[in-house]
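Here the structure comes first, spelled out in structure tokens, and everything after it is commentary.
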Amino acid sequence: MSPADPHDRPRGRIEVIAGGMFSGKSEELVRRLRRALIARQKMQVFKPAADDRDPPGVLVTRDNREVAAESIASSEELRRRLDDGVQVVGIDEAQFFDLGLIDLVTELADRGIRVIVAGLDQDYRRQPFGPMPAILGLAEYVDKMHAVCVRCGGAAHYSQRIAGGREQIQVGDTGAYEARCRACYEAYEP
-16 MSPADPHDRP RGRIEVIAGG MFSGKSEELV RRLRRALIAR QKMQVFKPAA DDRDPPGVLV
44 TRDNREVAAE SIASSEELRR RLDDGVQVVG IDEAQFFDLG LIDLVTELAD RGIRVIVAGL
104 DQDYRRQPFG PMPAILGLAE YVDKMHAVCV RCGGAAHYSQ RIAGGREQIQ VGDTGAYEAR
164 CRACYEAYEP
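Quick note: the sequence shown, position 32, residue 15 per our numbering, numbers continuous.
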């Protein structure tokens, strides 16, 4: 009897959708997840409980597209909530998760699961954010999204904090952040 050909297994992979705030990361995540639904793939979507801008149980994009999503507090909770036979796992706002997410997405992809991760790759200080830098390094596919700079109209990659404190994690939206390009970015001083 010959050993099983590793190419006959389901092919897992890690896809990352990264960029600054207001760049369309969640919209792209939902677009990919809808295509998985059309393909009748068993899918689960997760978002961090810390992000309370939308109601629990749903991921809502800025253009009001929705997909069912489980709000969870940690990578370990995500692991516990995974259903048998899941083929696609979507994770939004991954920067808010603990570093255990790095090993988990690798494990899932190694098991043949397509993992789609969306999140900020940098914080408001333009520093690497949470598990995102490591996941970017592990991913087979990476898309860097850009918003429109509110100052000059150019391609904006940075999340300019305009209100609030100095904490790295401060969940907010248009009242606390703006999209800015490199030329228009300014160090935030509260």
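The C-beta atom is built at its ideal place from N, Cα and C for all residues, glycine as well.
Taking all protein chains in view, the Cβ of L84 is crowded by 16 or more other Cβ atoms within 10 Å, so the residue is classified as buried. Put simply, of I152, D37, E161 the residue whose alpha carbon is nearest the alpha carbon of G136 is E161. Annotation: the stretch 65 to 95 contains the following complete segments of the beta strand (DSSP E) (minimum length 3 residues), in chain order: 71 to 74. In this chain, the alpha helix (DSSP H) harbouring K8 covers 8 to 21. The C-beta of Y124 has fewer than 16 other C-beta atoms within 10 Å across all chains shown, which makes the residue exposed.
Distances from the alpha-carbon of L121 to those of L87, Q143, E169, R144 put L87 closest. Pairwise C-beta distances place the stretch 67 to 81 in contact with the stretch 101 to 109, as three or more of them are shorter than 8 angstroms. In terms of Cα proximity to R36, the closest of Q27, S142, G158 is G158.
Cβ neighbours of L119 within its own chain (closer than 8 angstroms, five residues either side excluded): V(-1), A1, D104, V125. Here I118 carries a helix assignment [DSSP, helix/strand/coil]. Counting along the chain, I(-3) sits inside the beta strand (DSSP E) bounded by residues -4 to 2.
Annotation: the continuous beta strand (DSSP E) that includes A51 extends over 49 to 51. When beta bridges are read from the DSSP output, V43 appears opposite E49.
Comparing C-alpha distances from L20 to each of D46, T44, A51, P39 shows the shortest one belongs to A51. If the five residues before and after V131 are omitted, its C-beta is found closer than 7 angstroms to the C-beta atoms of A139, A162, all from its own chain and listed in chain order. Proximity to R63 across D75, F29, G3 peaks at F29, based on C-alpha coordinates. Between A117 and I(-3) a beta carbon distance of about 11 angstroms is seen, past the 8 angstroms cut, so the two are scored as non-contacting.
D75 and S142 do not touch by the CB rule: their CB atoms are close to 16 angstroms apart, not below 8 angstroms. DSSP lists A1 as the beta-bridge partner residues of G102.
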